[in-house]
Structures are given as structure tokens and as C-alpha cells.
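The structure under discussion appears below in the form of C-alpha cells.
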Amino acid sequence: MSGGSKHAGRKPNFWAGMGLAIFAFLIALNTTGAINRTTTLILLAIPIFMVVLYVRALGRQPRTNACAGMASIRYTRGIAISSAAYLVGLGTAMSVWRNYDPSTAVTWLLAMLPIAPIFWMIYVMGRYIVEETDEYLRHRAVLASLVGLGFVLAIGSFWGFLETFELVPHVPGWWAVPIWAVGMGLGQGWLALRDRAGGEE
Amino acid sequence: MKNRLKVLRAERSWSQQDLAERLEVSRQSVNAIETGKYDPSLPLAFRIAETFGMSIEAIFLRDPAALPGENGQVEKEG
Numbered sequence: 001m002s003g004g005s006k007h008a009g010r011k012p013n014f015w016a017g018m019g020l021a022i023f024a025f026l027i028a029l030n031t032t033g034a035i036n037r038t039t040t041l042i043l044l045a046i047p048i049f050m051v052v053l054y055v056r057a058l059g060r061q062p063r064t065n066a067c068a069g070m071a072s073i074r075y076t077r078g079i080a081i082s083s084a085a086y087l088v089g090l091g092t093a094m095s096v097w098r099n100y101d102p103s104t105a106v107t108w109l110l111a112m113l114p115i116a117p118i119f120w121m122i123y124v125m126g127r128y129i130v131e132e133t134d135e136y137l138r139h140r141a142v143l144a145s146l147v148g149l150g151f152v153l154a155i156g157s158f159w160g161f162l163e164t165f166e167l168v169p170h171v172p173g174w175w176a177v178p179i180w181a182v183g184m185g186l187g188q189g190w191l192a193l194r195d196r197a198g199g200e201e
Numbered sequence: 001m002k003n004r005l006k007v008l009r010a011e012r013s014w015s016q017q018d019l020a021e022r023l024e025v026s027r028q029s030v031n032a033i034e035t036g037k038y039d040p041s042l043p044l045a046f047r048i049a050e051t052f053g054m055s056i057e058a059i060f061l062r063d064p065a066a067l068p069g070e071n072g073q074v075e076k077e078g
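Those sequence lines, one after another, are chains L and D. In terms of the UniProt record's numbering, the first sequence opens at residue 1 and continues consecutively. In terms of the UniProt record's numbering, the second sequence opens at residue 1 and continues consecutively.
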């Protein structure tokens, strides 16, 4: 139990960093052919477990600022859990779909496994904007969301027309959410840099 | 919109974090308002004024170049 209590003292960022590092390592191993898909899916349980530890550590964090609060913690927790659910859902759906011959009805259900967590993620993002009581942080989140939306519209139109003229291969529509998330992340990064350049103390 | 937050804070030896806790906002909010990157809402402006015991006009200063003059033209002061 001493190990457990030692782990209990870890900060959330430690588990987030560990989870991301292990996830990237597994993807690299899979991409280079060092491990097969089934092994990758099984080992993905490790970064998913890190997400659980991350969420638990987040809940234990002392509140240094009463306002810095619940909305962003709920947001981070919601995104972490829905991302883990997405990985599990996608892995399960792909494994069953590739290795068995499911009926159309079952295939519909399998397709829902990664879709439902994505809908959950979108809801979590929307709820954060509604619940955030700090008006500047809310303003930043809205701006970053608009940057993400701009990415989706620009890249979607660009690629869509190239696809229409048969210049590039077809890309599945589910890329919209990852592109939006990357755009939103870049937007947040740009705003954070701008804040820092403004002379934060 | 310009403001005197930094000066008023310095007079009281408050850090951005101190002021943020008094206003119940994040430190990033104080920084953004102080550096003129974000104009606070009217309720927050009132809270800032109450925290310093001053009127809003004594803390936030209108940018002369942004004042509309007659016929929609820019009015220059001074």
C-alpha cells in the first residue's frame, strides 16, 4: 500500500505526461511493425489506466483559487474520460469488425462505440463555455473554438474540392473533430503566448 | 481602453494573483485587463472599482482616439 500512497501524491500533469508518452510509444511501435494491432490494442489499456489516475489526481488537487475552478476541472475530467472511452470504443469496434463477420445491426452498434464518446466530448466542450464563470477564460475558449472552426471550414473546403477534381484520395468525415481540436489547441497556445508576451507576473 | 490597474495594484503592493483572488477571477484575467488586451464587462468593472474603493471612471480611461465626435468623426483632445 505504500506504493499506492506514493502514487496518490503524484500531480495530474505527471499522469497526463506518462499517458501521452506511453501512447506515443505504442503508436510508434505499431507503425514500425514492432508490435501487431492486437498487441497494441491490449497495451493501450496502460495509457487508459493513466487517464484514470490523472482524473483521480485532478480531484485531489487543492483549490488555490476559488474561481479557478469547477468548470475547468469538469472540462478536463470530461475530456480525459471521453478520450479514454473513445480509445476503448474504437479498439473494440475495429477488432470485432475485422475479426468477425457481424450482421448489419451489430455493425451499426459497433460504429456507435467511437461515435458516442465523440458526441460526449462535444457536449463537454459546449458545457465548459456555458459553465465557465471567469469571463476572460470563457472569451479565450470561444476564440480558440472559432480558430478550430476556421481550421475545419478551411481544410474541409480545400480538401473537398481537391477530392471533387480527383486530385487527392477520399478522407473520412470523422476527421472534422480531430482537425477542430488541433485548431482549438493551436488557438489556445497562441492566446497563452500572447498573454505571456503581455507581461504576466 | 486604458486603465490604471497596474499603478493601483503597485500602490497597495498587490500581485496580480492577490487582485485576482479579491476579484474572484483568474490571474490571466487580471493580466489581460491590465495590459489592455481585454475590456472587462460592466459587472466586473464595478467589482474592480469596489475593490479599489474608487469609481469606474477613475480606473478606466477612455482612449481619446476612439471617441466619436460630431458627424461620426474622431474627436481629438488636448
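Don't be surprised by glycine CBs; every beta carbon is placed ideally from N, CA and C. If you're wondering where the values come from, they're calculated on a predicted model, not measured in any experiment.
Neighbourhood of residue i by C-beta distance below 7 Å, restricted to the same chain and skipping five residues each side
i, result
"Pro40 (chain D)", "Ile33, Ile48"
"Trp97 (chain L)", "Thr107, Leu110"
"Ala84 (chain L)", "Ile48, Val51"
"Ala16 (chain L)", "Tyr54"
Test item: CB-CB of residue i and residue j under 7 Å
i, j, result
"Leu149 (chain L)", "Pro114 (chain L)", "no"
"Ser15 (chain D)", "Tyr136 (chain L)", "no"
"Pro117 (chain L)", "Tyr86 (chain L)", "yes"
"Ser82 (chain L)", "Met121 (chain L)", "yes"
"Leu29 (chain L)", "Ile35 (chain L)", "yes"
"Arg140 (chain L)", "Leu191 (chain L)", "yes"
The alpha helix (DSSP H) enclosing residue i, as first and last residue numbers
i, result
"Pro178 (chain L)", "176-197"
"Thr40 (chain L)", "37-43"
"Leu109 (chain L)", "104-131"
"Arg74 (chain L)", "70-99"
"Ala32 (chain D)", "27-34"
"Trp159 (chain L)", "135-164"
"Gly19 (chain L)", "12-31"
"Pro43 (chain D)", "42-52"
"Glu11 (chain D)", "5-11"
Residues near residue i in its chain [Cβ-Cβ closer than 6 Å; skip 5 each side]
i, result
"Val7 (chain D)", "none"
8 Å Cβ shell around residue i - same chain, five flanking residues per side excluded
i, result
"Asp63 (chain D)", "Met1, Lys2"
"Thr51 (chain D)", "Leu19, Arg22, Leu23"
"Trp159 (chain L)", "Val168, Val171"
"Ser26 (chain D)", "Ala20"
"Val142 (chain L)", "Ile129"
"Arg63 (chain L)", "Interpretation of Arg63 (chain L) is limited by its pLDDT of 49, a score under 50 that renders its predicted location unreliable; no figure is taken from the coordinates."
Whole-angstrom distance between residue j and residue i, CA atom to CA atom
i, j, result
"Ala197 (chain L)", "Gln17 (chain D)", "17 Å"
"Leu193 (chain L)", "Ile22 (chain L)", "28 Å"
"Glu163 (chain L)", "Ala144 (chain L)", "28 Å"
"Asp195 (chain L)", "Leu42 (chain D)", "22 Å"
"Ile59 (chain D)", "Gly53 (chain D)", "10 Å"
"Met18 (chain L)", "Met50 (chain L)", "7 Å"
"Gly156 (chain L)", "Gln188 (chain L)", "21 Å"
"Val152 (chain L)", "Leu146 (chain L)", "10 Å"
"Leu44 (chain L)", "Ser95 (chain L)", "13 Å"
"Arg77 (chain L)", "Glu132 (chain L)", "14 Å"
"Pro169 (chain L)", "Pro12 (chain L)", "40 Å"
"Arg37 (chain L)", "Ala93 (chain L)", "13 Å"
"Ala10 (chain D)", "Val88 (chain L)", "52 Å"
"Tyr128 (chain L)", "Phe119 (chain L)", "14 Å"
"Phe14 (chain L)", "Leu20 (chain L)", "10 Å"
"Ala181 (chain L)", "Asn31 (chain D)", "26 Å"
"Ala176 (chain L)", "Glu166 (chain L)", "20 Å"
"residue 210 (chain L)", "Thr35 (chain D)", "Here chain L comprises residues numbered 1 to 201, so residue 210 (chain L) is not present and cannot be evaluated."
"Gly126 (chain L)", "Gly173 (chain L)", "21 Å"
"Ser55 (chain D)", "Leu44 (chain D)", "13 Å"
Classification of residue i by the beta-carbon crowding that lies within 10 angstroms, buried from 16 upward
i, result
"Tyr123 (chain L)", "exposed"
"Tyr100 (chain L)", "exposed"
"Ile27 (chain L)", "exposed"
"Pro178 (chain L)", "exposed"
"Ala80 (chain L)", "buried"
"Leu5 (chain D)", "buried"
"Val130 (chain L)", "exposed"
"Met184 (chain L)", "buried"
"residue 93 (chain D)", "This structure cannot speak to residue 93 (chain D), because chain D is shown only from 1 to 78."
"Met70 (chain L)", "exposed"
"Leu61 (chain D)", "exposed"
"Met112 (chain L)", "exposed"
Proximal chain C residues relative to residue i, where beta-carbon distance stays under 8 Å
i, result
"Lys2 (chain D)", "No chain C is part of this structure, whose protein chains are labelled L and D."
Residue i: CB within 6 Å of a non-hydrogen atom of the ligand GTP
i, result
"Ala80 (chain L)", "The ligand GTP is not part of this structure, which contains no ligands at all."
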